[in-house]
Structure formats: structure tokens, C-alpha cells
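2 protein chains.
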Amino acid sequence: MLSTMQDVPLTVTRILVHGALVHGKSTVTTWTGDGEPHRQTFRETGVRAVQLAHALGDELGIGRGDRVATLMWNNAEHLEAYLAIPSMGAVLHTLNLRLPADQLTWIVNHAADRVILVNGTLLPLLAPLLPQLGTVEHLVVVGAGDSSVLDAVPTDRRPQVHAYEELIAGRPTTYDWPELDEREAAAMCYTSGTTGDPKGVVYSHRSVYLHSMQVAAAESMGLTSHDTSLPVVPMFHVNAWGIPHAAFMAGINLLMPDRFLQPGPLAEMIESERPTHAAAVPTIWQGLLAELTEKPRDITCLQQVTIGGSACPPSLMKAFDEQLGVRLCHAWGMTETSPLGTIAQPPAGVTPEEEWAYRITQGRFPASVEARLIGPDGSVMPWDGVSAGELEVRGPWIAAAYYGGAGEEPLRPEDKFSPDGWLRTGDVGVISEDGFLTLTDRAKDVIKSGGEWISSVDLEGHLMAHPDVVEAAVVAVPDARWGERPLATVVLREGATTDFAALREFLAGKVAKWQLPERWTLLEEVPKTSVGKFDKKVIRRRHADGELTVTTL
Amino acid sequence: MLSTMQDVPLTVTRILVHGALVHGKSTVTTWTGDGEPHRQTFRETGVRAVQLAHALGDELGIGRGDRVATLMWNNAEHLEAYLAIPSMGAVLHTLNLRLPADQLTWIVNHAADRVILVNGTLLPLLAPLLPQLGTVEHLVVVGAGDSSVLDAVPTDRRPQVHAYEELIAGRPTTYDWPELDEREAAAMCYTSGTTGDPKGVVYSHRSVYLHSMQVAAAESMGLTSHDTSLPVVPMFHVNAWGIPHAAFMAGINLLMPDRFLQPGPLAEMIESERPTHAAAVPTIWQGLLAELTEKPRDITCLQQVTIGGSACPPSLMKAFDEQLGVRLCHAWGMTETSPLGTIAQPPAGVTPEEEWAYRITQGRFPASVEARLIGPDGSVMPWDGVSAGELEVRGPWIAAAYYGGAGEEPLRPEDKFSPDGWLRTGDVGVISEDGFLTLTDRAKDVIKSGGEWISSVDLEGHLMAHPDVVEAAVVAVPDARWGERPLATVVLREGATTDFAALREFLAGKVAKWQLPERWTLLEEVPKTSVGKFDKKVIRRRHADGELTVTTL
């Protein structure tokens, strides 16, 4: 039996029109670094978004489904692009300005971007790539910057260059938005793993809309038009965790940091603009803590801070609580999950100690994110806080595939998607009876020993608590009897006399006996990736190549 | 270009599974009147909902699309029905126990309900109707009550009678829920206008899901698992404003009043169970205020109270603020809008006086409710706080039609739905530049004078502020020159010497000159409907029949 309800699509267009009209007085403030932030209302933002849509459509010939890229900081113009491009039926493609040149080039070509909106300050980064960008017809330069870097690009490989303000000036301030299907593409974002080509996730209008509703939900970030949110997390990083779209949906005021992401300017903008909410990865908060320890300022305006991207050290969370009077709230997600997967709002009726235990988990799933743990033998594990498995998720804002390229079928690599369509997150963890997720390892780093899993992260944590251990990285190595066993590689402090037997003994009371490593290696330093994480791939390869001296106990 | 996101339907099934699993510790407490409320967790509620689904499917033969009615108070079993019936693919049909017997009969037959779940305490109301209910095969009696009233029903017209607890006892506690299309019917609710047959609105899984997300949104009721909500508004009245579904979605604890809706028991349950939120029509709060004035109790646990159904007198809102320290928050909606249409959360950055002015409006629209005002000449009116029009709305939880009956086409009466599919609310009002709706009249009561509208409610309000006027009702009467003009009918206090000219003079400074009534009638009493509202239909008819003595000034 069918319902008698209206069949109205969930679209970014609705978010744009609603925000500009009903929340027209809410504001977006962009930090400029010169003491005079740029301010505009949502109404003005809406009008400028309309003008941008006209410029892209009428002037640059952008049509339904065309990709329009942005290489931009968090600022008002980027918000205009966020709203205008999907609303006109085109696809917003946010480019990660931190990627190496070859990956950026590959991504632009794979998405077949026809236009790039680029902050003037980022032209030096983009200009050298232009000769390799075959599909880009137009460059729209936003804000000041040195355009002379473009002179080095051969004229036959140089797209047409436009200045943003000139391009949108004088265009009509109303737009007859197309009727969109909510399953059409609204935005795309590439994720670059450690192996293989980057993978593009294509968000739909529906997924953006539903995700925006959840971001603003009382049980998630809980934001309203009485709040001002500071998304430090870049708008090129999974849509700044959905904050810009949620802001226009619920009238949340925005404070945009532009390129001023260093601890000093961040402290300054928080002190002077008094946001009630902020969102960033742990590194940012670590930097801000150091800055404020050295030069104290009051940031208690921040009623809540969302922290994600990687696990937040409990010490950082404690320091924010105690030193700064600001509550960090853990969230988990990934490009493939839009990203809101979990958020660690502690439940009611718990003691302060219990509350703390909840806060350091990854958090609880909203109704739209269905979760299951797949154990070592492929079966679904119970939610008992003990049984570990790889986290798989399902829901209307979770990816089902990656973009295959123009005219190509979507990609569904089987290590990323289960046969019944769930996303394999590659994260291993446990879920408590009341639905709180704790991640313990990456699936590729977990040690599969005799049908059970050993967490490398867990062993490392215990080892690094030993006073003589500077660094410890545990990897899986092949074992004839158990399939895999842990190899513990450690870096000892200078002059330390501890031996492997003592370290094994040290671990003995802390993990199950069968998890204790037999294989030990002394390293000068643990190899690291470009972002400073342990590069376990390298350790595993060196072991396979016989380059490591292994002591067996 | 299509997105690569998962195509996961938005269903009540997801709400049920999620609430029972992730918010399993949240509770639903049902008032019993004997000092010992009945308490059960969401986990227990989920298990019992599963058992109910098995009972309905396996035992009573209920299948996809079949209608299962409830004639119940707000209690835990009703919540189980709310979750189980749509999840199994059947349609929950909530019956309004306040309707006259003939309407109730008509509605059950029109919906072709196969089962009725009825509270034992309501059997005396249902029993006399049974001989006329041709489609009802099973009666499931919930809780205690005198079943002997069924003896009077002729055996050949008597459905099979089951006791709820016996029916669900021992059934399996897991269910292989069907894959549903989100546009399938989840629930239905009839609205009975003053003329014609009742009209059935059929909610979809999608509309219920999206509406639940909005109810719990920070900018709407802002509820989480730290809250306990007391829905005094009946679950047979537009799904208790969406609170039960939202509760299971976001883990909001529920306090269910069952049949104890009198001011005394309400005060008692608030005092002892300490809910943080409640929702009801103004009459309930008026009664509670009187109760608490006479016998003061502390109800400041209520951080927010949602009030809707009809406009809340500002004096009541003030009294709650000042006497009880509890904030009443105005909301507007109707059966056709699921019902959340607007909610009056004042904007940020306003003075206390401005805040007050915002609080007495109907409130602001969420992103999913698109609104327009259609003026006297059929054109769309601006949002300027002055230009009045009939409110029309569009959105994923707004009705597009009424249920036509089994196998019949949906009904789209043109006075209820515009040619382009928007719902005509029948309410006339203005919208401020920042999106706050103020309703001024019912469309059928507004006076269409020379292409402009005169608000009858506005004139009545001013007239009733005169010390000699006890009641005033203004209706439209035909006028050769202007189309319609207002007829002011007034009831004067005993011994009053005011004449019509003085009353007209009294109005003169308060409304535009062209709105001043020329026609005046003295009444002994304004005729009322069964619920005590002015019955303007009767006045118009008496005028048309020449029964009124009209003085023309």
C-alpha cells in the first residue's frame, strides 16, 4: 500500500534556498589575518551562490553532471561553491591541496573536471600541474594571489582564467533551479590509500541532505542558529565533516579560518569571534594546547569541540578538560561515510569515571548508520565490548562503490565492499552492549593467529608504557603453525639494558598469554610515513626480505 | 551523473532495530495511577514488538499492507504497536477515541482495518460499534478491562477476541523483517473536518523517518537520550507529534500518561518522574496551571514544553514563565503535515521583548518544509510580516492526497491541494522576513473585501479587549460592492450601555479604516461547536436566513 505523502526530493538546492531565506540573518565570517574579518549573511551568500551558478552555466557552459573542482581554503566563497554547484545539477569536486602533485593531477583527470575554482594563494601549487590537466577549460581565481605563476604554463595548455568577483558580478540574483533526482551526484571527494590509485566517493543530494540533518541533530553536534561553528577541518576533507551544509540547513553561523590554520591565529580568532563549536583533527588541538599553555587565552566560548580523523589521545582530552575548560568530543568516520559514523556523546546516568570511559571510545552510531563486526572466521560478532571484528557499515550516507571514471562502471573492490553491499571500513574494534564503538586496530595490521585476532595497537601501547621503550611497532609475520604471529620491533632509549625476555615478562600480565610475541627485533627507529605514522608496510617488507635480525624467545 | 552511495531505505524498521539495540537502556515508563508505574527498557520494548509482529503475522494472518488499528491511550503497548506494525509491512491505523461513534465506524470501515488493538478500559466505547465494523476479524485487548461488554455483540458480528499478553507470550524474539520500499505506507490517521467525510492521511516510512529526525533536531525539540519526554498529546493524534518514533530513533526516554490526563495526575507524574520535556495542547496546560496555582508543586524539571494544536494564549505562556519557571514553546502543524510544520525557537541576538514577540508566533519552518503564502488574488505574497495569504506547504512529510479507500484512487480535493501539488493548509497568516509564521485566521473565516483580506480573528481580538464586550465573532457576509464585508456580532456584559458606534470608534485606531465593520448584531451568546470554538458557520447561516437583526452604521 502506497502512502499519500508528497514525493519531494532531498536536495542541496533545498538547503541553499532554505538557509538563504529562513536563516538569512545567520552569518559566515572569514578570517583574513589582517584583523578585519570578512563578514556576510546567509542571505548574501545565497545571492552570490545564485550568481555563481549563472556564471558557471551561462558563461562557462557548465551543465548537468559536469564536474567543477575547488582548490580552496575554508572561506565564504568556498561555501558559495558548495551550494551553487550541486544546486545547478553539476558536481562539486573538492581537491585536497595537501596531496602530492602526481596524485592531484591523476584525480583531476580521472574526475574530468571542466572548471577549477582556486584560491589565489594556491595558484603556485596548481600552476605547475596545468599542462597535465587535459579536461580543465576554465580557472576561476578566488581572492588575491600572484597570477604571474600562470605565465609559465604553455599557452596551448593554459585554461581560460577568470577572476571570481568579476565573473559573478552583475549576474541575475534568482535562478530557476532544475528539478533534481535525490540520487544524482552532488559532490565528490577522492580518498588516497597507501596503495593503488586514489578512489572517488560520489555523494548524492540525498546523502548530503540526510547527513546534514544528522550533523545538526541534538544527539550529534547539536547545533542551532544560536551557535557559531569553526570548521578547522578543511572543506576539501569529506565536506568539512558536513558542517557547511548543516550550517545552511539549520542556520548555524560559521567562522571560516581560510589559510590561517596555525595555533596562533586559531587562538586569536577563537578569542575574538567566540565560536561555540569547532571541529578538527587531534594535531590541531595538540598545537592549540601548546599555544595556549605558552600564552593563555580564554577559549571557554567553545561549548563543544568535535575531534576526529584519527584517535584522540586521552591525555589531550584531559588537558582540554582541565587546563582549558573545553570538552573535546570524539567522532569517527571516513571519506566513504560522509563522514559521520559515530560520535561519543556519553549516555545519561553514568558516574564521572564511566563517562570518561565512554568519551574515549569512538562513540555511538546514529540510526542511519547500521553497523556489524565481522570476526576472524567471517561471522558476525556480538556487541559485548570484548569480541573484536572488522567494522562494516550500511546506510544512506555510506558509499556502495567508487567512481569508475566518465562512462565507466563504478568500482567495487572486494576488500572495501562486502558481497551484500556493506562498506568494509578496514577498522577493527569492539562494540559495547549499548552501541559504543572502540577501534583497536587497522584490519591490515591485525595479527590473525590461529583463528583469533591480536591487536598490534594494543601490544604497542603496552610496550611503549615500559620506561625503556621509546617506540614499538608490532606487525604480523607468517607462522607455519598459527598462520600469523606478532613480531615486536622496539626502539630502546639510549643506555637501556632491558632485554626482550624482560619486555615479554612486562607484557605478560597485560595481555592474554597466547598473544605474547615470541619474535623480537631491535630497531634504531621505526620507519614512518610522510605524515609521521608508523609505516608497518616497510617493516613487513624488510622482514620478508630477511633484512631484520629476529630473536625468538 | 549518479552517486556511488548505498541505496538504503528510510524505514520504521530501522528505527525499531536501532532503538532496541543502540538505545536499549532507554526506558518507557507508563503511568498506572496506583503509585507504581510500569517500566520497561527500549530493549524489552523491541523484543515485545518483535513478538507482536509474530503474533499478528503468524497467528492472525496479517500481511503486507494490511491495516491494523489501535484504540489506545499513550502507553508502552501502544509504542510496541507503533514499531511492530509498520516494520512488518502492515499499516498502523490510530483511532481517535474522542470521535463520535458514527465517525469512528465510518473510519474503520473505510480503512478496512482487519485487527483492532484496544485498551481494556476502552472496550465499552468500542463494543457498541462492532456490529457495524464489517472488516474487523480480530480484537486484541490490551491490559485490564471489563470484557463482558462484548457479550452484547451478536456472535456472528463479533470478531475473535485475544488478550495481548497471551497473544505475544512465548513468540520468537527475532524477526526477519521484510525489505520495504520507503514510500510504502507505514501509518494512517484520519482528520475530521466540519464538513464531509473524514479524510485519511497515509504516512510513508520515509515521511515518518525524516519527521523523526526533525523532531529530535537541536533546532526543533532538541531531545537526546539524556531527556525524558512526556507526550500528553495522544498517540492517536498525528502520531503524538512524532515523539514516539523520534524517541526510539534518538534514545529519548518516554513517560506515558496512559488515561491519566487530568491536571492532578499529570502534576503528580511530572513531580515524581521528572521529565525534561512534555507536549500537549493549550487546554492541558491551562488545566495544569490552575492545578498548580491551587496546589503548588515543582515542575521546573521541564526544560521545555511543546505546545500546539491551537494557538497558545500569550497569557498562558507568560504565566508558565513567571509562575512555574517553565518555558512553553509554540509549534504549528496538522494531520496533513505529520505534524511538524513550524516551531517557535526564537533567533539569537534579540532583546527579551523581541524574543517574546518571536515566541508568540507559530515559529519557523525546518528545511524540509517549504512554505508560501497565496494572497487574495492568487499570487505568492512576500515574506514581510505584513502581507497576508493562505499558507501552502510542500515537503517530504506533507500530504499530497487523502486515502481513497481500498483499491480506490487517492483523493485530491482542490480546496486542499493546489494544482502543483502543495498542501493548502486553510490557515491564513503572514511570514516575517526571517521566516517566522504568524497565523491570523482560518481561510474560510477571512473576509475577502475588494481584493483585500480582513482578519476576523484580528477584529474579534480588538473587540473583546473592550470592557463591555464579553464575546465577539466576526463573519463575512455578501456585499454588492466589495464582494464581502465583515459582520460584527457581539455579546455585551449585563448592564452595558455601549452602542455599536462606540465600538466602531473603539476599533478605529486599531485597524485600517477600510476594515471597520459597518454591520453589527447583538447576540445573547456566540454559538459554539462541540469543542467550544466559535461556530461561525452557524452565524453565517443565520444571517443568510435573515434570522439576525443587523444594524448598519
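One line per chain: the protein sequences are A and Y, in this order. With the first sequence counted from 1, adding 16 to any position gets you our numbering. With the second sequence counted from 1, adding 16 to any position gets you our numbering. Heads up, the beta-carbon is just placed ideally off N, CA and C, and yes, glycines get one too.
Of all Cβ atoms in chain Y, is any one closer than 9 Å to the Cβ of A/R199? yes
State the start and end residues of the unbroken alpha helix (DSSP H) segment that holds A/A560. K552 to A560
With DSSP run on the structure shown, which of helix, strand or coil describes A/Y219? strand
Are any of the Cβ atoms in chain Y nearer than 9 Å to that of A/F336? no
Using a threshold of 9 Å, state whether the C-beta atoms of Y/S331 and Y/T377 are closer than that. no
Secondary structure at Y/L87, three-state DSSP: helix, strand or coil? strand
Whole runs of the beta strand (DSSP E) within the region 200–262 of chain A, excluding any shorter than 3 residues: 201–207, 215–220 and 244–247
Expected contact under 8 Å - CB spacing of Y/Y98 and Y/L108 to nearest Å: 6 Å
Using a Cβ cut-off of 8 Å, which residues of the region 409–426 of chain Y contact any Cβ in chain A, in chain order? R410, G411, P412, W413, I414, A415, A416, A417, Y418, Y419 and P426
Quick one: which chain Y residues come within Cβ less than 7 Å of A/V177? Going along chain Y, no residue has its Cβ under 7 Å from A/V177, so there is no contact; the nearest lies around 26 Å.
When we look at the beta-carbon of Y/T505 and count the other beta-carbons within 10 Å, is it buried (16 or more) or exposed? buried
Determine, for Y/T240, whether the minimum Cβ-Cβ distance to residues of chain A falls below 9 Å. yes
Kindly list, in the order they appear in chain A, the residues whose Cβ is closer than 7 Å to that of Y/F58. The contacting residues do not exist; Y/F58 stays about 10 Å from chain A at best.
Is the number of C-beta pairs between the region 461–469 of chain A and the region 410–423 of chain A that are closer than 8 Å three or more? no
Could you tell me whether the Cβ atoms of A/W413 and A/S223 are closer together than 9 Å? yes
Let's see if you can read the secondary structure: which residues bound the beta strand (DSSP E) around Y/R388? E386 to I390
If we count the other Cβ atoms within 10 Å of its Cβ and call it buried at 16 or more, is A/R130 buried or exposed? buried
Could you name the residues of the same chain whose beta carbon sits closer than 7 Å to that of A/G150, not counting the 5 residues immediately before and after it, in chain order? N125
To which residues does DSSP link A/E406 through a beta bridge? A/I390 and A/V444
Using the rule of at least 16 other Cβ atoms within 10 Å of the residue's Cβ for burial, across every protein chain shown, is A/P429 buried or exposed? exposed
Under three-state DSSP, which class holds Y/V34? Note on residue identity: the sequence assigns His, not Val, to residue 34 of chain Y. Reduced to three states, the DSSP call for Y/H34 is helix.
Take A/L564 and list the residues in its own chain whose beta-carbon comes closer than 7 Å to its own, dropping the five residues that flank it on each side. T537 and R558
At a Cβ cut of 8 Å, what residues of the region 540–556 of chain A count as close to chain Y, listed as they run along the chain? none
Short of 9 Å Cβ to Cβ, which residues in the region 433–451 of chain A face chain Y? G437, W438, L439, E449, D450 and G451
Flag this pair as yes or no: are the beta carbons of A/A7 and Y/M229 separated by less than 9 Å? The structure shown has nothing for residue 7 of chain A, since chain A only spans 17 to 569.
Helix, strand or coil for A/V486? Go by DSSP, reduced to three states. strand
How about A/A234: is its C-beta nearer than 9 Å to some C-beta of chain Y? yes
Where does A/I101 sit, in a helix, a strand or coil, going by DSSP? helix
Is the separation between the beta-carbon of Y/M17 and that of A/V218 shorter than 9 Å? yes
Quick test of the definition: if touching needs 3 or more C-beta pairs under 8 Å, does the region 169–180 of chain Y touch the region 139–147 of chain Y? yes
Neighbourhood of Y/A422 by C-beta distance below 8 Å, restricted to the same chain and skipping five residues each side: A128
Between the alpha carbons of A/R375 and A/A185, how many angstroms are there, rounded? 48 Å
Measure the CB-CB distance between A/R59 and A/L37 and report whether it falls below 9 Å. yes
Could you tell me the boundaries of the alpha helix (DSSP H) in which A/H126 lies? A117 to A127
Quick one: measure Cβ to Cβ for Y/C345 and Y/Q319, integer angstroms, because I've assumed they're closer than 8 Å. No, Y/C345 and Y/Q319 are not in contact; Cβ-Cβ is about 10 Å, not under 8 Å.
Specify the secondary structure class of Y/D457 as computed by DSSP and reduced to three states. strand
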